[in-house]
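Quick notes on the structure that follows.
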Amino acid sequence: MIKKFEFLGHTSEVKFRAYGKSVNELFESCALAVSSVLSRGMKIKEPIKKEINVYGKDKESMLYKFIEEIIYLFDADGFIVSKAKVNVEGKSLNAVFYGDESVNYKDLDAIKSPTYAEMYVKNNGKKWECQVVLDV
Amino acid sequence: MKEKVKRISEYIYELPKQDGMNVPGRIFASDKLFEKIKNDLTLQQVKNVAKLQGIVGYSIAMMDAHQGYGAPVGGVAAFDIKRGVVSPGVIGFDINCGVRLLASDLDKKDFIKKRKDVLKEIYKNVPSGVGKKSDFRISQKEIDDVLVRGVEWAIEKGFGESRDIEYCEDNGKIEGADSKKVSAKARGRGMNQLGSLGAGNHFLEIQEVEKIYDKKTAGIFGINNVGQITVMIHSGSRGLGHQVASDYMQIMEKEYGWKHLPDRQLAYAPIESPLGKDYIAAMRSAANFGFANRHLIMHQVRKSFTKYFPKCDLKLVYDVAHNIAKFEEYEINGKKKLLCVHRKGATRSLGPGRKEIPSAYRKFGSPILIPGTMGTYSYVLVGTKKAEEISFGSTAHGAGRVMSRSSASKQITPEDLSKEMREKDILLEVGSLRGAVDEAPSAYKDVNEVVRVSDELGIGKLVARLKPLGVVKG
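Chains E and V supply the protein sequences, listed in that same order.
Convert by adding 144 to the 1-based position in the first sequence; the result is the number in the numbering used here.
Convert by adding 88 to the 1-based position in the second sequence; the result is the number in the numbering used here.
Next comes the structure, spelled out in structure tokens:
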């Protein structure tokens, strides 16, 4: 099994790379990375499901909007993601997030926004890879 | 570092025009600070900002600068109104992230007996707002009022006192805000968070005045003697501001493209275009939300102090934004010119006489509030004419990070941090000790060196030094 995500050094923000065998898996790995930032690595239960759809004219903007949705659900709905099931078709992405109410956890972190800084999404043969800097 | 840099004077480095830069870059730093600044992508980002259309003078990085996204944190860029652009990435997602300072009439020797109680009370009354809802629930309709009227709204609601208004930058209410330009998504994120501190580097600190450098100016600001208790609040416009920046960055990218940009995060709109004007109106709304946010936090601080010191008076010294774009007049080639000054992690520094300064302080210069880290000093400085001449009226905004959060959490344990705070006699009330480790003093540059350079270079003169006695973090 390939590594799903890893954090890299950045002077002030959180930077990570995520991997997947398919584009769907890549986005699912990103949801795990973002969840691990918000939860500070804590296990999050999955009693709640939330579904979102985003449109991205390229994979980077799709990824930006995908992460933006996770942050919105956290700030506005008090929902913390644990994992995602993603389906990308052309320029549209559908995701079902599994997670819990954030009030059930202590010690959570916040994310201000995804950024386009140093962002890429690439497909090198069998593997998809992306890099993201989050403003925290 | 691939960028070629030349030294102009003891504290000024120049990044000459290269690779399509419209203006040179300038970095204000000592040798010691420059050694740190050149190690990450700061210079590359200074260069990228210099490539933006209509930038005037220099793309500047302050002595506390470090790599950000798009523009560096600690960056200043001024744009010509007619030819220039406004860019959310050169302001930061946290619009009107800023600092508010209160000066009490309490002395350390009285306060210290109740320090623990006051700190716990503040921790209880000021929510972090992370994963929880704030107690200040407001309606959809009321949020429009907050966005347009900022601190004025808060005072009308009974939070704070009318005398507070004149000690906020722009009276805590930037004119030209338009709440219709703020999306439902941004409102959704902000609704639950008004009056909350946030996470990351945001904090609330009780301090003592430890040293006064300039007695006269300090006195005017209400800082009278060593041992006097002060309170510093560092927070911003919360999820609302972050979403405003994110929304407009994406709309600008759609309207004006990004493939020609050195960094996709630097999407922009011409200042005078309809979209540029919309963003500025939305940014001002988010800024007003930020002022109101710090104002509500201050109200809770006053309430918490009064519980243990019923007669104490906490006077607002000043509230200043360090992530914002402002329209300000500067002299360019001998002519006064109105410019759109972007500050991203930089504090406004205006010399005596400027109309933007509260009337009680005007003869002296604008107050500059520079928070250190939870284990080091914070500083009060005063603005100068020199800053107006060389840095578009700006100086540093803090210590500036040097170590990533991931290395901080690898190198420092929560126990190390607790021990360090104990040894320095600083009480810590934190929601997350692991989160606090990310912000440990050793993850930052030396704030003493940052303000020394500001003072010697003359872009912000030292007034007083504040030492933390207690720190509250989300």
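Using N, Cα and C, we set each Cβ at its ideal position, and we do this for glycine too.
Contact with chain E by residue i, beta-carbon distance below 8 Å
i          : result
Gly-186(V) : no
Arg-431(V) : no
Gln-281(V) : yes
Ala-434(V) : no
Gln-353(V) : yes
Arg-522(V) : yes
Asp-534(V) : no
Arg-563(V) : The displayed coordinates of chain V run from 89 to 562. Any statement about residue 563(V) would go beyond what the structure contains.
Gly-345(V) : no
Arg-277(V) : yes
Ser-334(V) : yes
His-410(V) : no
Gly-486(V) : no
Phe-181(V) : yes
Gly-378(V) : no
His-383(V) : no
Gly-565(V) : With chain V represented from 89 up to 562, any question about residue 565(V) goes unanswered, as that position is not in the structure.
His-387(V) : no
His-330(V) : yes
Cβ pair residue i, residue j closer than 8 Å
i          : j          : result
Arg-326(V) : Gly-286(V) : yes
Lys-221(V) : Asn-280(V) : yes
Asp-302(V) : Leu-550(V) : yes
Pro-112(V) : Gln-295(V) : no
Glu-190(E) : Asp-244(E) : yes
Ile-547(V) : Ile-478(V) : yes
Ile-192(E) : Glu-213(E) : no
Ala-487(V) : Gly-463(V) : no
Phe-379(V) : Asn-184(V) : yes
Ile-255(E) : Leu-176(E) : no
Phe-309(V) : Val-468(V) : yes
Tyr-249(E) : Ile-224(E) : yes
Gly-562(V) : Ser-216(V) : yes
Ala-165(V) : Val-178(V) : yes
Ala-369(V) : Ala-265(V) : yes
Val-270(V) : Val-314(V) : no
Residue nearest to residue i in terms of C-alpha spacing, selected from the options
i          : options                                        : result
Ser-227(V) : Arg-442(V), Gly-276(V), Lys-202(V), Tyr-396(V) : Gly-276(V)
Asn-259(V) : Ala-409(V), Val-389(V), Ser-495(V), Gly-172(V) : Ala-409(V)
Glu-503(V) : Asn-536(V), Leu-521(V), Gly-108(V), Glu-419(V) : Leu-521(V)
Thr-394(V) : Ser-466(V), Arg-450(V), Ser-192(V)             : Ser-192(V)
Arg-114(V) : Glu-244(V), Lys-135(V), Ser-216(V), Val-234(V) : Lys-135(V)
Glu-341(V) : Lys-266(E), Lys-201(E), Val-232(E), Gly-269(E) : Lys-201(E)
Asn-238(E) : Ser-257(E), Phe-223(E), Glu-262(E), Ile-211(E) : Ile-211(E)
Tyr-449(V) : Glu-98(V), Glu-298(V), Ile-311(V), Gly-180(V)  : Ile-311(V)
Gln-388(V) : Glu-477(V), Glu-517(V), Ser-284(V)             : Ser-284(V)
Tyr-242(E) : Ala-220(E), Gln-275(E), Val-230(E)             : Val-230(E)
Asp-221(E) : Gly-186(V), Lys-273(V), Pro-358(V)             : Lys-273(V)
Asp-73(V)  : Asp-182(V), Val-214(V), Asp-168(V), Cys-256(V) : Beyond the ends of chain V as shown, which are 89 and 562, falls residue 73(V); an answer cannot be given.
Phe-199(V) : Lys-512(V), Pro-398(V), Ser-466(V)             : Pro-398(V)
Tyr-336(V) : Ile-243(V), Trp-346(V), Ser-323(V), Ala-357(V) : Ala-357(V)
Cys-428(V) : Pro-446(V), Gly-481(V), Ser-454(V), Lys-403(V) : Gly-481(V)
Val-236(V) : Asp-407(V), Asn-376(V), Pro-446(V)             : Asn-376(V)
Asp-251(E) : Lys-208(V), Gly-219(V), Gly-471(V), Lys-202(V) : Gly-219(V)
Short CB-CB distance (under 8 Å) between residue i and chain V
i          : result
Val-276(E) : no
Amino acids of chain A, ordered along the chain, whose beta-carbon sits closer than 9 Å to that of residue i
i          : result
Lys-273(V) : Of the protein chains in the structure, E and V, none is chain A.
Contact between the stretch 239 to 251 of chain V and the stretch 372 to 388 of chain V (3+ Cβ pairs under 8 Å)
With a cut-off of 8 Å, the stretch 372 to 388 of chain V and the stretch 239 to 251 of chain V count as touching, because enough Cβ pairs lie within range.
Short of 7 Å Cβ to Cβ, which residues in the stretch 146 to 174 of chain E face chain V?
Of all residues in the stretch 146 to 174 of chain E, the ones placed with a Cβ closer than 7 Å to any Cβ belonging to chain V are Phe-151, Gly-153, His-154, Thr-155, Ser-156, Glu-157, Val-158, in chain order.
Please list the residues of the stretch 254 to 266 of chain E that have a C-beta atom closer than 9 Å to any C-beta atom in chain V, keeping them in chain order.
Residues Ala-254, Ile-255, Lys-256, Ser-257, Pro-258, Thr-259, Tyr-260, Ala-261, Glu-262, Met-263.
Along the stretch 227 to 248 of chain E, what residues have a CB closer than 7 Å to any CB found in chain V?
Listed by position along the chain: Ser-246, Val-247.
What are the residues of the stretch 142 to 162 of chain V that lie near chain E, defined by any Cβ-Cβ distance shorter than 8 Å?
The residues in question are His-154, Gln-155, Gly-156, Tyr-157, Gly-158, Val-161.
Any residues in the stretch 194 to 224 of chain E with a beta carbon nearer than 9 Å to a beta carbon of chain V? Which ones, in chain order?
Answer set for the stretch 194 to 224 of chain E: Lys-201, Glu-204, Ser-205, Tyr-208, Lys-209, Glu-212, Ile-215, Tyr-216, Phe-218, Asp-219, Ala-220, Asp-221, Gly-222, Ile-224.
contact_flag[the stretch 139 to 151 of chain V, the stretch 171 to 180 of chain V] where n(CB pairs < 8 Å) is 3 or more:
Judged by Cβ distances under 8 Å, the stretch 139 to 151 of chain V makes contact with the stretch 171 to 180 of chain V, as three or more pairs qualify.
Given a limit of 9 Å on CB to CB distance, which residues of the stretch 211 to 236 of chain V reach chain E?
Within the stretch 211 to 236 of chain V, the residues whose Cβ lies closer than 9 Å to some Cβ of chain E are Ser-216, Gly-217, Val-218, Gly-219, Lys-220, Lys-221, listed in chain order.
Does the stretch 415 to 425 of chain V come close enough to the stretch 344 to 351 of chain V to have 3 or more Cβ pairs within less than 8 Å?
Counting C-beta pairs with one atom in each stretch, the stretch 415 to 425 of chain V and the stretch 344 to 351 of chain V have fewer than three that are closer than 8 Å, which means they do not touch.
Indicate whether the contact test is met: 3 or more Cβ pairs, each with one atom in the stretch 477 to 497 of chain V and one in the stretch 150 to 162 of chain E, closer than 8 Å.
In the pairwise beta carbon analysis, the stretch 477 to 497 of chain V is classified as touching the stretch 150 to 162 of chain E: at least three pairs are separated by under 8 Å.
Taking a Cβ distance cut-off of 8 Å, strictly less, list which residues of the stretch 490 to 506 of chain V are near chain E, in chain order.
When CB distances to chain E are screened at a threshold of 8 Å, the residues of the stretch 490 to 506 of chain V falling below it are Val-490, Met-491, Ser-492, Arg-493, Ser-494, Ser-495, in chain order.
If we count Cβ pairs, one from each stretch, closer than 8 Å, do we get three or more for the stretch 258 to 272 of chain E versus the stretch 162 to 170 of chain E?
These segments touch.
Would you be able to state if there are at least three C-beta pairs under 8 Å between the stretch 314 to 322 of chain V and the stretch 180 to 196 of chain V?
Using a C-beta cut-off of 8 Å, the stretch 180 to 196 of chain V makes contact with the stretch 314 to 322 of chain V, since at least three inter-stretch Cβ pairs fall below that distance.
Closer than 7 Å, Cβ to any Cβ of chain V: which residues of the stretch 174 to 187 of chain E, in chain order?
Cβ contacts with chain V come from Arg-184.
Any residues in the stretch 310 to 328 of chain V with a beta carbon nearer than 7 Å to a beta carbon of chain E? Which ones, in chain order?
When CB distances to chain E are screened at a threshold of 7 Å, the residues of the stretch 310 to 328 of chain V falling below it are Gly-327, in chain order.
Against chain E, which members of the stretch 281 to 297 of chain V pass a CB distance test of less than 8 Å?
Within the stretch 281 to 297 of chain V, the residues whose Cβ lies closer than 8 Å to some Cβ of chain E are Gln-281, Gly-286, Ala-287, Gly-288, listed in chain order.
Check whether the stretch 505 to 520 of chain V and the stretch 432 to 445 of chain V touch, using three or more Cβ-Cβ pairs below 8 Å as the test.
The answer is no - the stretch 432 to 445 of chain V does not touch the stretch 505 to 520 of chain V, with fewer than three Cβ pairs under 8 Å.
Taking 8 Å as the cut-off, does the stretch 156 to 163 of chain V touch the stretch 351 to 368 of chain V (at least 3 CB pairs, one atom from each stretch)?
By the criterion of at least three beta-carbon pairs nearer than 8 Å, the stretch 351 to 368 of chain V is in contact with the stretch 156 to 163 of chain V.
Stretch pair the stretch 537 to 544 of chain V + the stretch 119 to 127 of chain V: three plus CB contacts closer than 8 Å
These segments touch.
Quick one: which residues of the stretch 113 to 129 of chain V get their C-beta closer than 7 Å to a C-beta of chain E? List them in chain order.
Identification of residues in the stretch 113 to 129 of chain V having a C-beta nearer than 7 Å to some C-beta of chain E yields Asp-128, given in sequence order.
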